[in-house]
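Residue numbers (UniProt numbering): 1 to 280. Presented below is the structure to which this report refers.
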Amino acid sequence: MSTAATAPTQFVEVGGRRLAYRDFGAGIPLLLCLRFRGTMDSWDPAFLDGLADNGFRVIIFDYSGLGSSTGERTYNPASLARDAADLLGALQIEKAAVGGWSVGGIAAQILLATVPQRVSHLVLIATTPPGQLVKSGEPLFYELAKRDNDFEDVVALFFEPRSAASRLAAEQSEQRIAGRTTDLSPAVPYEWAGPQLGDGPRNPMFPADAVLQALKNTKVPVVHIGGDHDIVFPVENWHALAGELPTLRIVTFPETGHGPQHQYPKESADYIASFVKNAR
1 MSTAATAPTQ FVEVGGRRLA YRDFGAGIPL LLCLRFRGTM DSWDPAFLDG
51 LADNGFRVII FDYSGLGSST GERTYNPASL ARDAADLLGA LQIEKAAVGG
101 WSVGGIAAQI LLATVPQRVS HLVLIATTPP GQLVKSGEPL FYELAKRDND
151 FEDVVALFFE PRSAASRLAA EQSEQRIAGR TTDLSPAVPY EWAGPQLGDG
201 PRNPMFPADA VLQALKNTKV PVVHIGGDHD IVFPVENWHA LAGELPTLRI
251 VTFPETGHGP QHQYPKESAD YIASFVKNAR
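This is the structure in structure tokens:
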């Protein structure tokens, strides 16, 4: 059986573009939407394999025009959500658990709001809720996201630089990610991606009243998995909504940044499996 490191890149033609995806594991379909500047190779294999070991059919993909996919490239969240919906349709998956990391979490929320019948569970990782926020992200993210990143940038972006344990987790995660050496997706050019961000944090980051209302009225179980020091999308914004979203669970890891599933890959995968199998 394929793993995250060995699953071949496959393609589907849909809507006038070719979406690249990888599909491995067997069981409950779980579609994962990517972070900003990410490709399929940006996921930690230990996290993905942990999901597959827990009985998921794991599906990852590159957004239109990015990585190995063709089409018009954009970070418009509605377009990213359309990619996810089109891929589910092309793979003839009527309903799936849908997850998203960072901007991918915004796309996953839009997918829930627009085609709720396709989503059995919503797994949000280090992302932002729609609407007014109680805490904005840090300007540092906007500086780092607009340049080529070295290891120290990765630590600052996705881990907790002040924690020795988090820094060690960053080293281990980067080594695992580097373990796949063939059939890689081309990197997203930072020269193009950077200007898509704007100059700094906005509040709200995601002004979608329809999506917020969908979260307030959905019966679909929702979980947010975050770190206690996310410089991009502070987890405090989810805690502020805990009394308003009827199906929301919140998991917050200590001494952790914007990549909780990379710092705690097995624990994150095990929790997601328990959530999907038991939350109704």
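Positions of the beta carbon are idealized from the N, C-alpha and C atoms, including for glycine.
Annotation: A7 to E138 spans about 36 angstroms, alpha carbon to alpha carbon. Counting only unbroken stretches of 4 or more residues, the alpha helix (DSSP H) elements lying wholly within the segment 169-223 are 190-193 and 209-217, in sequence order.
At the C-beta level, G104 and R17 stay beyond 9 angstroms of one another. Taking 9 angstroms as the cut-off, the Cβ atoms of A20 and S79 do not count as close. Just so you know, the alpha carbons of A170 and T3 end up roughly 21 angstroms apart. Under the three-state reduction of DSSP output, G50 falls in the helix class. Around V115, the same chain offers A85 as residues with beta carbons nearer than 6 angstroms, after the five sequence neighbours per side are excluded. Collapsing the DSSP output to three states places V154 in a helix.
Apart from sequence neighbours up to five positions away, the residues of its chain that approach S185 with a beta-carbon distance below 6 angstroms are T39, M40, D41, D62, G67 and S68, ordered along the chain.
Take the alpha-carbon of P195 and the one of G25: they are about 37 angstroms apart. Secondary structure at F56: strand, using DSSP grouped into helix, strand and coil.
If you ignore the 5 residues before and after S102, its C-beta comes within less than 6 angstroms of the C-beta of R35, F36, A126 and T127, all in its own chain and listed in chain order.
Following the DSSP letters along the chain, one finds L144 inside the alpha helix (DSSP H) bounded by residues P139 to L144.
Boundaries around H239 are those of the alpha helix (DSSP H), E236 to H239, since no beta strand (DSSP E) includes it.
By the criterion of a C-beta distance shorter than 8 angstroms, L87 is surrounded in its chain by V12, V14, L19, Y21, L31, I59 and F61, once the five residues flanking it on both sides are discounted. When rounded, the separation of the alpha-carbon atoms in N203 and G257 is 20 angstroms. Q109 places its beta carbon 9 angstroms or farther from that of F233. Per DSSP, reduced to three states, the secondary structure at T114 is helical.
The DSSP-derived three-state label of R35 is coil.
By the Cβ criterion, the segment 246-257 is in contact with the segment 155-170, since at least three pairs of Cβ atoms, one from each stretch, lie closer than 8 angstroms. For the pair G55 and K277, the CB atoms are nearer than the 9 angstroms cut-off. Judged by DSSP in its simplified three-state form, Q10 adopts strand.
Annotation: the continuous alpha helix (DSSP H) that includes V276 extends over P265 to N278.
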